[in-house]
Each structure stands twice: as structure tokens, then as C-alpha cells.
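For the sequence shown, this note's numbering begins at 273 and goes up steadily by one. First comes the structure, then the notes that go with it.
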Amino acid sequence: VADTSVVSLDLRKAKLPLLKHVINRYTNLCHLDFSDNREFGYRHMQLLLPVREKLQSLKLRGTKISDLSIMSFFGVITRDSCFRLEVLDLSRTTISQKSAVTIATCCPRLKSLRLSTCKGISDAFLECVPTQFTKLQALDVSMCPITVKGCQSLFHAQSLREVDISACPELNKHAIRALVTGLIECDEKDAPDNVEVLNETELRQRTCTRRVSQLISISAQYMKELDSSLLDDMTVSAPHLRRLDLRHYHDIDNTDLSPIKISLRKLQENGVHVAFSSRQNSIGTTTLNN
């Protein structure tokens, strides 16, 4: 007998041979969580087809989902009958750029998208975020191979409020600056192709005249490079910021962290919750309080 009263199910530890029975019984499901269910794969994704257009939240972190699973589930629907999905978690799966673009086309209502540790996600996908995900508020691309160019693209995503770029291989001060200003400052020889490279003076002039970042939360753990001037600029370029996570900063050169801590405390005085810790090669771990 069909039961329309149940709209949410936690199936993280469910026995998947029963999934077909579950879907047939609970016909009004909107929220499904299969996180870390290592049995969940292509054939189980197919069993969700009867409820796919009703789903608002789908969490598949750590499952066996692949490009084939994504394309067969999302790829056969037209833009005129888009998914209602607002929350999608595909962290620690093997999806590629192709799947991510398909999701961008079919899920324009997404508000939260998690792609942590998806090695197939790169700058090319982030370029489509401002135009395709016009309602996206939270994006997690931590541990993905994105660069300063991808961070620059995210600056133009006007609905975006929370970003996690922790432990990305090229996470440095240039990436953060591009994220909050939309501008890139670096040596010309190191600049990505087809981007405008600015020196520090030009960068500050542009920062004062451009629109400000709308981000309220930035997580950038395991950064490799940081300076106080960037943090000072964030007061102007990211006035809405309320959370900044810089834990596990690796100070390779054992530099004096005092200027950085002073700048971080200024951010705290402006209402930003700051989390900071640093591992220095010669003196061990330091935090904002020592």
C-alpha cells in the first residue's frame, strides 16, 4: 500500500536489495540520504527514477556513483521539466566534468552542491557556475584540482554565499584574492591563459571601484601562502564575510606570523568568526591565540 506521508529517509546503512520496495511504497519522497553507503551504484540510481522529479535533496557522498549513473539519471530530462533538487552531495565520487555540466543544465534550482574530492572537477566547470547555477548559495569543491582562474569565476556567481576550497592543490593568496575581488595578481609567467594580470597598485585601484563579494563564509584550510595585505583588503572587498576558516595553514618559510595575526584580529573586530592554525616547520603549531 502506498504511503504518501513519508517524505524523508536516511538510507546510509540501508540494505539496498529492499530499495525497490521502499521506493514503490513511499511515493512522495523528497529527501534521500545514501551517504557512505558503499553498495549504492548505477542500478540503485535507476530505482530512484519514479521519484526523481520530486526530489529536493539527494546525498550520495562516498557511493559508487559514476558518470554513467549521472547521465542516465539526469541526462534524459529536458530543461522545460527541470529537477526540483535544491541539495546535491556527490563528494568522494568518481564523476567527471561531463556529469557536472549535465547537472548544471538539469538542476537550475540547486542551492547547495558538494563536490569535495571529485578529481574530475576543474576550472572549466566553475566557469559555468555563474550562468547555470543562478540560485546556488553553497559550493564545496575542496580537494578538487581548481586554480586561481576557477576562483575568479566564482566571484561572478552572484547568489553564492558559502564556498569551501580547502586543500585544493593550488590554493594560495592569489586564489583567495580572485575569489573575493574577481581580479588576479601574479607574475605574468605564472598567469593562466586568457586572464588579465595586474600588479599590486592596479589591483588595489580596481578593488576600490568594483562590486564587492557577497560571500559570508569561506573555508580555505591547508593554504600554502598568505599575507596580511590580502586580509586587510578583505574588509573592503568582502564586507559581508562572517566566517573565515584558515586552519592548518602551512608556513613553509617559517615567516613571522605577527602581521597575519594582527590582520585576522581586525577581521574579528569587524564581526568575522576566524579559525586559524599554522604548522611551521621549525616551531610547531601556532594558533590565533598564541
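For every residue, glycine included, the Cβ atom is placed at its ideal position computed from N, Cα and C.
(message) Let me confirm a value: Ser-277 is counted as buried when at least 16 other C-beta atoms fall within 10 Å, else exposed. Which label applies?
(response) exposed
(request) Tell me, please, which residues DSSP counts as bridged to Val-359. (result) Ser-329 and Ser-384
(message) Taking DSSP's pairing of strands, which residues face Ser-491 in a bridge?
(response) Asp-436 and Asp-517
(request) Taking the CB atoms as reference points, tell me whether Gly-392 and Ile-367 lie closer together than 7 Å. (result) yes
(message) Whether or not the segment 405 to 418 and the segment 427 to 445 are in contact is what I'm after, with contact meaning three or more pairs of Cβ atoms, one per stretch, closer than 8 Å; do they touch?
(response) yes
(request) Return yes when the Cβ of Val-544 is within less than 7 Å of the Cβ of Arg-519, no when it is not. (result) no
(message) To the nearest angstrom, how far is the alpha carbon of Cys-302 from that of Arg-356?
(response) 9 Å
(message) With H, G and I counted as helix, E and B as strand and the rest as coil, what does DSSP make of Ile-456?
(response) strand
(message) Using a Cβ-Cβ cutoff of less than 6 Å, which residues in the same chain neighbour Ala-450 once the five nearest sequence positions on both sides are dropped?
(response) Val-420, Cys-423, Gln-424 and Ile-456
(request) Check whether the Cβ atoms of Leu-387 and Leu-362 lie closer than 7 Å to each other. (result) yes
(request) Would you mind giving the Cβ-Cβ distance between Cys-440 and Ile-418, rounded to the nearest angstrom? I have them listed as a contact below 8 Å. (result) 5 Å
(request) Rounded to whole angstroms, what's the CA-CA distance from Leu-283 to Leu-304? Just pull it up for me. (result) 7 Å
(message) For Ser-431, which residues in the same chain have their Cβ closer than 7 Å to its Cβ, ignoring the five residues on either side in sequence?
(response) Thr-406, Lys-407, Leu-408 and Gln-409
(request) Decide if Thr-403 is buried, meaning its Cβ has at least 16 other Cβ atoms within 10 Å, or exposed. (result) exposed
(message) Taking 7 Å as the threshold (C-beta atoms), are His-522 and Arg-483 in contact?
(response) no
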